[in-house]
Amino acid sequence: MKHMLRRHGGFTLLELLVVLGIIAMLAGIVGPQVMKHMGASKTKAARVQIEDLAASLDMYKLDEGRYPTAQQGLAALVERPADAKRWNGPYLRKDKIPQDPWNQDYHYVFPGQHGKFDLFSYGADEKEGGEGEDQDINSWE
Numbered sequence: 001m002k003h004m005l006r007r008h009g010g011f012t013l014l015e016l017l018v019v020l021g022i023i024a025m026l027a028g029i030v031g032p033q034v035m036k037h038m039g040a041s042k043t044k045a046a047r048v049q050i051e052d053l054a055a056s057l058d059m060y061k062l063d064e065g066r067y068p069t070a071q072q073g074l075a076a077l078v079e080r081p082a083d084a085k086r087w088n089g090p091y092l093r094k095d096k097i098p099q100d101p102w103n104q105d106y107h108y109v110f111p112g113q114h115g116k117f118d119l120f121s122y123g124a125d126e127k128e129g130g131e132g133e134d135q136d137i138n139s140w141e
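The opening residue of the sequence shown carries number 1 in full-length UniProt numbering; numbering runs sequentially from there.
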């Protein structure tokens, strides 16, 4: 009787290997799909951050009557420039300039070639152009 109770008390090595094989197969199928969506979500997050920064730049312009110079850059949104007369900042929530989802600084050009100002990220590869996660995200498209 003791021998029969022991035999039914656990899993065999074969059963464990089958379960591990199924889990590995599922991870192999699901993993790449999750990574593909993660890259797309970083691109969407960068678009949202650029829109927020553009709105903050517009608020700065409402107060100062002009956008920050290229030399002042986005830092003018969190620290009062020396020549600012009606600065009413900081214009960003956490009092710091966010980085893009790939931990790179956003690029700010004033005056812009594509609009009032150009605000952009080069994407994951930090090079101009690219597709997928490497594509450029900008304020003018």
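In this text, a Cβ means the ideal position worked out from N, Cα and C, and glycines have one as well.
Less than 8 Å between the C-beta atoms of residue i and residue j, yes or no?
i	j	result
residue 89	residue 74	no
residue 111	residue 42	no
residue 108	residue 60	no
residue 81	residue 49	no
Could you check how far apart the C-beta atoms of residue i and residue j are, in whole angstroms? I think they sit under 8 Å.
i	j	result
residue 120	residue 138	4 Å
residue 140	residue 115	5 Å
Just mark residue i as buried or exposed, buried being the case when its beta carbon has 16 or more other beta carbons within 10 Å.
i	result
residue 11	exposed
residue 51	exposed
Is the beta carbon of residue i within less than 7 Å of some heavy atom of the ligand HEM?
i	result
residue 118	The ligand HEM is absent from the structure shown, which contains no ligands of any kind.
Along the chain, where does the beta strand (DSSP E) containing residue i start, and where does it finish?
i	result
residue 120	118 to 121
residue 109	107 to 109
Quick check: the Cα distance between residue i and residue j, rounded to an integer number of angstroms?
i	j	result
residue 21	residue 13	12 Å
residue 32	residue 106	28 Å
residue 64	residue 87	6 Å
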